[in-house]
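This report concerns only the one structure given below.
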Amino acid sequence: MSEKYDVFICHRGIDAKRNVVSVLSAMLRSKGIICFVDYRMRMGISVKSGIDDAIQSSRVFIIILSPNFASSRWCLDEVVQIMHSVKGMSDLPRKVIPVFYDVPRDLVRQQGRDTSYDLSKVKRTDAAEMESWGKALKGVCDFEGFDYDSKTTPQWEKLEEIAAEVEAFLISHNIILDQDRKMPISREPLHYDVFICHWHPDTQHNVVSVLRGMFASKGISSFVVGYGKNDAGSELNSDIVNTIRNSRVQGANTAYNLRKVKGSTEEERKRWSSALKDLSYFHGLEYNSASTFQWERLSDIVKAVEMSAKEVILCLACLEQLILDRCSSLTTLSFLPLTLRKLSLRMLESKPGSLESVNISLPKLEELAVLWCIKLKKLALETRSLRELNLGGCKGLEELDCKGLLSLKYLELDHCSSLQEFRVDQASLPKLEHLSMTWCQKLKTLAIDGTSLRRMDLQGCTALEEFNFKGLLFLQNLKLDGCSSLQELRVDASLPKLEYLSMTWFQKLKTLTLDGTSLRLVDLEGCTALEELYIKGLLSLQHLKLNHCSSLHELRVDHASLPKLQDLSMICCQKLKTLALDGTSLRRVDLQGCTALKEFDFKGG
1289 MSEKYDVFIC HRGIDAKRNV VSVLSAMLRS KGIICFVDYR MRMGISVKSG IDDAIQSSRV
1349 FIIILSPNFA SSRWCLDEVV QIMHSVKGMS DLPRKVIPVF YDVPRDLVRQ QGRDTSYDLS
1409 KVKRTDAAEM ESWGKALKGV CDFEGFDYDS KTTPQWEKLE EIAAEVEAFL ISHNIILDQD
1469 RKMPISREPL HYDVFICHWH PDTQHNVVSV LRGMFASKGI SSFVVGYGKN DAGSELNSDI
1529 VNTIRNSRVQ GANTAYNLRK VKGSTEEERK RWSSALKDLS YFHGLEYNSA STFQWERLSD
1589 IVKAVEMSAK EVILCLACLE QLILDRCSSL TTLSFLPLTL RKLSLRMLES KPGSLESVNI
1649 SLPKLEELAV LWCIKLKKLA LETRSLRELN LGGCKGLEEL DCKGLLSLKY LELDHCSSLQ
1709 EFRVDQASLP KLEHLSMTWC QKLKTLAIDG TSLRRMDLQG CTALEEFNFK GLLFLQNLKL
1769 DGCSSLQELR VDASLPKLEY LSMTWFQKLK TLTLDGTSLR LVDLEGCTAL EELYIKGLLS
1829 LQHLKLNHCS SLHELRVDHA SLPKLQDLSM ICCQKLKTLA LDGTSLRRVD LQGCTALKEF
1889 DFKGG
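Per this note's numbering, residue 1289 is the first one in the sequence shown, and the count goes up by one each step.
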């Protein structure tokens, strides 16, 4: 049985396998995106059939057009098959992203003689193959893509742009869920975990760029002198000296031997020589750019930094921030200073924490993060200053006492899969603005009453049967994707400021009423049981998505109920027989795959 992939990376191994592809594929995997790369194929699988199956199942194709790309029949045949797949399977959303890696777009498009893209130089080829390859390469050049100069482009930042483009496409077509990822909070200036010493022309745009990004993704702050600047370094001013002193780990890139530096004195050269000899006594890692897979090797460095144990002296009398991330053996918090403003216990899903209970009273605490402590069952807090509370991944949490959290604005309970009921009212959380409870798969009852909520995310709460909300006068964004147990819902004037509503893949929802709100976008894709949709007084609605609502028989839209509607999408509504559009502001209507449609009445537009 063939595997399913989200992304297929087409590349020339000798140019890009060990650097760009190694990092990009790992970056995509870290986002939960299933990526095909030929050198990662399992043993025993036919290479050609494996590649063919991967192309057929993939939704995004990243084609890395490098200097030696056109000398490979494999690469050229892959491009032909990709273009055929994209154009021949219009029922599936697909995207092609070309990356012009050290080659200009015009070179690939024109395929001039005696250039690296002269297809006549490919061995054992004929005119038909050359024509097919040339046409496919020109087709790739018609897509928007990325220019990549390996000598000047910061590798991590550019690959992040590509990964973000892929992720946005997959999320927009509901192929993967939006994880709403957050970047780590930045530290105060001059206080970093790691100081990276390197020679700018050799490593800044590749190894250092990727290493710096990998540290950031782990919440490890790193300092690189002159990063992002086109100079070879900077003198050791007082800020750099202080940064070195405040960093807990120093990393040196010694990819070259000591050489004479212009203008240096004999005393300086002796001092440098002594320092390099001292450095050689430390245990280090060897890196050969010609044979080393970049992501895998740099991961070893990141792991070494994470495991580095440094002595930390805490002045408890004035302690304001306590970071206990990845201290996975902690079971209790016996003493915490009353001066604390931030407390962080972020564990890893692969190595969860052992904390079993939290019962704290900290009058000045403003931020509390307890992540992936799967044994934590009860949390009791007494702190009026708390503004942010993150309990993501606490799968054993059964009880949460939120009384008296008068300043709380942000509450995240993602993957708290043991929670069955949650009730919030104005008295207990008067300032709550953001509530995220994605993938709380046992949550059956949610009651929200009269809070200041502006954003609520309940994606993946598959057991949710009862959702009572009233008095949510400020709610703007509501995500209920995948709440497949909800059978009936009414969104009306009790949500006067609601602008965005996403309720995709409700497989039991039969009736939905939308009445008198400020909605601008409604997404109901995949509500396969939806038979009745009542729309009334949605004066601001601009976008309505009803793709794959396969039980809808009829839809009537008039100017009075939807005066500003611009975009209506009803792809594959296979039972839709009647569609009446009267006097709306519609600019786009998509009815692909509505095979039963017999009556289409469009007037007054």
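Cβ coordinates follow ideal geometry from the N, Cα and C atoms, glycine included.
Just so you know, these numbers come straight off a predicted model, no measurement behind them.
- Given a length threshold of 3 residues, each whole run of the beta strand (DSSP E) inside the stretch 1603-1685 is given here in chain order: 1609-1611, 1630-1634, 1645-1649, 1655-1659, 1666-1670, 1676-1678.
- Annotation for LEU1809: TYR1788, HIS1831 place their beta carbon closer than 6 Å to its own, counting only its chain and skipping 5 residues before and after.
- Counting only the Cα atoms, LYS1423 lies some 15 Å from GLY1376.
- Annotated three-state conformation of ASP1402 is coil, per DSSP.
- In this structure, the CA atom of LEU1694 is about 28 Å from the CA atom of THR1805.
- Counting only the Cα atoms, LEU1867 lies some 19 Å from LYS1798.
- For LYS1375, the three-state secondary structure derived from DSSP is helix.
- Contact between the stretch 1840-1856 and the stretch 1814-1826 is established, with three or more Cβ pairs separated by less than 8 Å.
- Residue environment: TYR1436 is assigned as buried (16 or more neighbouring CB atoms within 10 Å of its CB, all protein chains considered).
- Using a C-beta cut-off of 8 Å, the stretch 1305-1321 makes no contact with the stretch 1360-1380, since fewer than three inter-stretch Cβ pairs fall below that distance.
- As the crow flies, the alpha-carbon of ASP1745 is around 27 Å from that of CYS1323.
- One Cα belongs to LYS1886, the other to LYS1865, and the distance between them is close to 5 Å.
- The Cβ atoms of LEU1701 and LEU1707 sit closer than 8 Å to each other.
- Counting other Cβ atoms within 10 Å of its Cβ, TYR1405 reaches 16 or more and is therefore classed as buried.
- Taking 8 Å as the cut-off, the Cβ atoms of LEU1766 and LEU1786 count as close.
- Between the C-alpha atoms of SER1505 and SER1587 there is a straight-line separation of about 12 Å.
- Taken through DSSP and simplified to helix, strand or coil, LEU1586 comes out as helix.
- Listed in chain order, the non-local C-beta contacts of ASP1713 below 6 Å within the same chain comprise ASP1737, local neighbours out to five positions each way being set aside.
- Going by C-alpha positions, SER1782 is about 14 Å away from ALA1735.
- Between VAL1391 and PRO1355, the beta carbon gap of about 6 Å places them in contact (Cβ cut-off 8 Å).
- Here the alpha carbon of SER1638 sits roughly 31 Å from the alpha carbon of CYS1485.
- At a Cβ-Cβ threshold of 8 Å, THR1733 and LEU1720 do not count as neighbours.
- When only Cα atoms are considered, LEU1677 and TRP1793 end up about 29 Å apart.
- By the neighbour-count criterion, in which 16 or more other beta carbons inside 10 Å mark a residue as buried, ARG1347 falls on the buried side.
- Note: SER1790 is bridge-paired with LYS1767, ASP1811 in the DSSP secondary-structure output.
- In the structure shown, ARG1743 adopts extended strand secondary structure according to DSSP, grouped into three states.
- Using a Cβ distance threshold of 8 Å, LYS1630 and GLU1644 do not count as a contacting pair.
- Cα atoms of VAL1454 and GLU1448: separation of roughly 10 Å, rounded to the nearest angstrom.
- In this structure SER1632 is not in contact with ALA1592, their Cβ atoms being roughly 22 Å apart against a cut-off of 8 Å.
- Collapsing the DSSP output to three states places LYS1305 in a helix.
- Residue pairing by DSSP places TYR1698 opposite GLU1676, HIS1722 in a beta bridge.
- Note that the C-beta distance between LEU1774 and LYS1796 is below 8 Å.
- For the 8 Å CB-CB criterion, LEU1628 and LEU1650 form a contact.
- Bridge pairing for GLU1776: THR1799 [DSSP].
- CYS1882 counts as buried, since no fewer than 16 other beta carbons sit within 10 angstroms of its beta carbon.
- DSSP, read as helix, strand or coil, puts ALA1884 in coil.
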